[in-house]
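Heads up, the thing below is written out as structure tokens.
In the numbering used here, the protein residues as written are 15 to 173.
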């Protein structure tokens with residue numbers, strides 16, 4: 015991940031979380047999903063992040079994760095939870111991170127992540143990721159034709 019795209023990704027996450035704290039009284043739960051790159055090569059990876067922010071305690075929330083394995087290989091995943099108390103207000107943040115490698119070229123839509131709290135469903139927006147051909151295709155290893163002499167010696171060894 016380049017330094018510029020990483021900074022942009024982190025800035026967007028920070029701004030999203032900042033907006034949530036400004037409007038904490040409007041909705042008890044907010045969910046956002048983002049990727050660090052919307053276009054990747056077949057031999058590259060991307061980071062898919064789901065951030066759930068809440069002003070209420072979410073005890074073991076049932077988070078609906080989109081089917082990532084349809085178009086990607088999930089190389090790793092992690093989950094963290096942060097609790098902040100400031101000015102008598104509590105903010106809980108759950109962060110799910112997925113490191114993805116595309117399976118094929120073309121456009122892939124990562125569906126919305128979501129959860130239901132007290133009968134109300136909260137969901138992120140779907141994300142489109144465009145996968146282009148590999149930038150550094152794997153080198154082909156030339157196959158040498160086997161000489162009659164080496165084939166004969168291989169037969170002697172295997173007998």
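A virtual CB, placed ideally from N, CA and C, is assigned to each residue, including glycine.
Every value quoted in this text rests on a predicted model; they were computed, and no experiment measured them.
Rounded distance between the beta-carbons of residue j and residue i, thought under 8 angstroms
i	j	result
residue 86	residue 126	That belief does not hold up - the Cβ atoms of residue 86 and residue 126 are roughly 16 angstroms apart, past 8 angstroms.
residue 114	residue 60	5 angstroms
Simplified DSSP state of residue i, which is helix, strand or coil
i	result
residue 119	coil
residue 129	strand
residue 72	coil
Beta-carbon proximity list for residue i, same chain, < 7 angstroms, skipping 5 on both sides
i	result
residue 119	56, 145, 146 and 147
residue 96	107
residue 80	124, 125, 126 and 127
Residue i: first and last residue of the uninterrupted beta strand (DSSP E) it sits in
i	result
residue 89	86-100
residue 46	43-49
residue 62	60-68
residue 134	134-137
residue 77	Counting along the chain, residue 77 falls outside any beta strand (DSSP E), and DSSP gives it neither H nor E.
residue 54	53-55
Beta-carbon contacts of residue i that lie in its chain and below 8 angstroms, excluding the five residues immediately before and after
i	result
residue 52	141, 142, 143 and 144
Rounded separation between residue i and residue j - CA only
i	j	result
residue 155	residue 41	58 angstroms
residue 68	residue 150	43 angstroms
residue 64	residue 101	26 angstroms
residue 135	residue 54	31 angstroms
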